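Residue numbers (the numbering used here), protein chains in the order written: chain A, 505 to 653; chain B, 18 to 500.
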């Protein structure tokens, strides 16, 4: 009798646990669907980070066609305030756009992309590293070259 | 239309994989058929990426002749399949699907309908979420453009000079040492399409997401239909799993190969009649895991170690003969050869080993704070993997306690123990990698730990639901509910 009661109790608990699992799963999915609906909008198609960066770098890419190695400097290299987006995300996006040109952090290469966003370029930045301004592409993106010795 | 063409380009690999699985593992029934289709698709795509690597090494670039090779292999394998089919007298192959003490899926119509309806809704919602995210982010997320799609882009744009993609001058953030399954698959599709379209990586990500869910569901449905649907629902409702698929990163494909290895490993232990074929497929899946991502090498070692431990622990381990090891090695051969050639001769040193010193390693091993930090993060993701509304592990534990373990055959017990041990060893291995990481520990954990748990999640769901009594047992009162 007692064993039967225990078995019935366990069966009931298992049923409730299964229902709870399904409920949690469905509500989690529902939240994700709501998130996706909020995100959705035809006007937002083509405005993702990569597409925006591809557009921003179109001219740079054309000018650097065929280069094997390019340097890369950003706020952090000049001691300017920066965040991980400046330091890492935009660096990786630039490499993605310019591939197969290899993007190397620092000013070792003959030509260097300088990405300073709103902070803007000042000639003394390049002078510190023996570089001069070779091109300005808007959105805080510049091309620097090694200054002639 | 581009997506349809991309699928056509992948079709020979998918077909070849399905035929290969059917040749190696001759289980019958629609559930086994579903398993073969989902598993074959992934294994075929992975194997084709290994062939593409050797083709690149031999001929310098991918072209239509590579597609001809793939088609030739499919024709050859179809011939072998037909021969095997005729040898069986034209009947479908032989081993019946296992069921729990007479239980059949769909014991009552309403029960089956409810579960199927929920599952169908979940699949549709998962597809919608995947589609919306990929419409808005066709190039995937950070890891996709930093590693997988970037490598494919390098290889595609460099053409016959593809080796330059692995120059030591490439910044460590781009992980040029990572294996090439995803980049090479996209390279083949892009090359044959003649354009560098994001549709190819999107298609690949979608295929692996639904093949993973399909394989989990089909594999469990050999034991219980409702357990299968419940596990499938849990996987496809995990917000993090859906994210990772839409991000076009390698974690979902890796989770697919781990799941395939575990499923075939369990079948190999459980059914001596199909052991060799299942072992070969398990070996192939483990090898392809290693060819997908560096973590896959750890999974491969964990699988072999767990198998070795279980064999030593068993008193009649002599019954596992050299042919078993040979079958495993045959499956492992192609992906492991590709991986070794790539790692030894082409890839630059990885960021995790490149700058380590013995003194530094000793210091990290002796630092108790690192152990505590890792333990805290692992505890968090063990309790709440997948970013559900509530921590899912306590709910699964409650369900397991109430449902109880089902009666397992000796072989099934061994197979599931092997799988659980392999997954445990994998997690311990991940913890060890964090312990020794040259990167700041908190940063490394923050950006990768949850993904590692998602890699093992589908396989863990399989092991759990294959071990438990199915919902039919406690939902429908029947005379045979004693299982």
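Beta carbons: idealized from backbone N, C-alpha and C, even for Gly.
In this text the structure is predicted, and so the values were computed from the model without any measurement.
Which stretch, first to last residue, makes up the beta strand (DSSP E) that contains residue i?
i                      : result
residue 615 of chain A : 615–619
residue 646 of chain A : 645–650
residue 637 of chain A : 635–640
Which residues bound the alpha helix (DSSP H) around residue i?
i                      : result
residue 465 of chain B : 458–484
residue 361 of chain B : That residue, residue 361 of chain B, is in no alpha helix (DSSP H); it is neither H nor E in DSSP.
residue 131 of chain B : 126–153
residue 281 of chain B : 268–287
residue 405 of chain B : Looking at the DSSP string, residue 405 of chain B is not in any alpha helix (DSSP H), and its letter there is neither H nor E.
residue 316 of chain B : 311–330
residue 260 of chain B : 256–263
residue 94 of chain B  : 81–104
residue 559 of chain A : 553–560
residue 215 of chain B : Looking at the DSSP string, residue 215 of chain B is not in any alpha helix (DSSP H), and its letter there is neither H nor E.
residue 626 of chain A : First-last for residue 626 of chain A: undefined, no H or E at that position.
State yes or no: is the beta carbon of residue i nearer than 8 Å to at least one beta carbon in chain B?
i                      : result
residue 510 of chain A : no
residue 507 of chain A : no
residue 614 of chain A : no
residue 522 of chain A : yes
residue 592 of chain A : yes
residue 596 of chain A : yes
residue 646 of chain A : no
residue 519 of chain A : yes
residue 552 of chain A : yes
Which one of the options has the shortest CA to CA distance from residue i?
i                      : options                    : result
residue 55 of chain B  : B:208, B:197, B:224        : B:224
residue 236 of chain B : B:93, B:36, B:44           : B:44
residue 219 of chain B : B:182, B:153, B:234, B:251 : B:153
residue 160 of chain B : A:596, A:611, A:563        : A:596
residue 464 of chain B : B:268, B:385, B:475        : B:268
residue 545 of chain A : B:151, B:435, B:485        : B:151
residue 485 of chain B : B:417, B:316, B:436, B:260 : B:417
residue 487 of chain B : B:181, B:239, B:47         : B:239
residue 449 of chain B : B:279, B:244, B:389        : B:389
residue 451 of chain B : B:30, B:394, B:187         : B:394
residue 414 of chain B : B:399, B:136, B:51         : B:399
residue 379 of chain B : B:348, B:362, B:453        : B:453
residue 51 of chain B  : B:64, B:36, B:174          : B:36
residue 158 of chain B : A:547, A:617, A:552        : A:552
residue 536 of chain A : B:132, B:85, B:144         : B:144
residue 207 of chain B : B:406, B:396, B:287, B:21  : B:21
residue 189 of chain B : B:483, B:490, B:456        : B:456
residue 622 of chain A : A:605, A:515, A:579, A:606 : A:579
residue 433 of chain B : B:232, B:284, B:138        : B:284
residue 575 of chain A : A:641, A:608, A:558        : A:608
residue 57 of chain B  : B:460, B:419, B:421, B:301 : B:301
residue 362 of chain B : B:38, B:29, B:71, B:23     : B:71
residue 645 of chain A : A:633, A:628, A:620        : A:620
residue 603 of chain A : B:149, B:266, B:175        : B:175
Return the chain-ordered list of same chain residues with a C-beta closer than 7 Å to the C-beta of residue i, the five sequence neighbours on each side being excluded.
i                      : result
residue 523 of chain A : none
residue 496 of chain B : Only weak support exists for where residue 496 of chain B lies, its pLDDT of 46 falling under 50; the value from the coordinates is given anyway. If we look at residue 496 of chain B and ignore the five residues flanking it on each side, it has no Cβ neighbours.
residue 649 of chain A : 614, 615, 635, 636, 638
residue 387 of chain B : 381, 452, 458
residue 117 of chain B : Note that residue 117 of chain B scores a pLDDT of 42, beneath 50, so its modelled location is shaky and nothing firm can be said.
residue 111 of chain B : Because the pLDDT of residue 111 of chain B is 48, which lies under 50, any placement of that residue in the model is unreliable, and the question is left without a value.
Can you find a CB in chain A that lies within less than 8 Å of the CB of residue i?
i                      : result
residue 154 of chain B : yes
residue 479 of chain B : no
residue 309 of chain B : no
residue 184 of chain B : yes
residue 411 of chain B : no
residue 219 of chain B : no
residue 386 of chain B : no
residue 368 of chain B : no
residue 492 of chain B : yes
residue 207 of chain B : no
residue 99 of chain B  : no
Have a look at the DSSP bridge pairing and note the partners of residue i.
i                      : result
residue 422 of chain B : B:485
residue 609 of chain A : A:576
So, at 6 Å on beta carbons, what are the nonlocal neighbours of residue i in its own chain, with the 5 sequence-adjacent residues on each side left out?
i                      : result
residue 169 of chain B : 200, 203, 204
residue 32 of chain B  : 91
residue 439 of chain B : 319, 320, 323
residue 367 of chain B : 194
Using a Cβ-Cβ cutoff of less than 8 Å, which residues in the same chain neighbour residue i once the five nearest sequence positions on both sides are dropped?
i                      : result
residue 40 of chain B  : 94, 97, 98, 101, 294
residue 474 of chain B : 252, 255, 258, 272, 402, 403
residue 214 of chain B : 19, 23, 207
Quick one: does residue i have its CB under 8 Å from some CB of chain E?
i                      : result
residue 401 of chain B : Protein chains in the displayed structure are A and B, and chain E is not among them.
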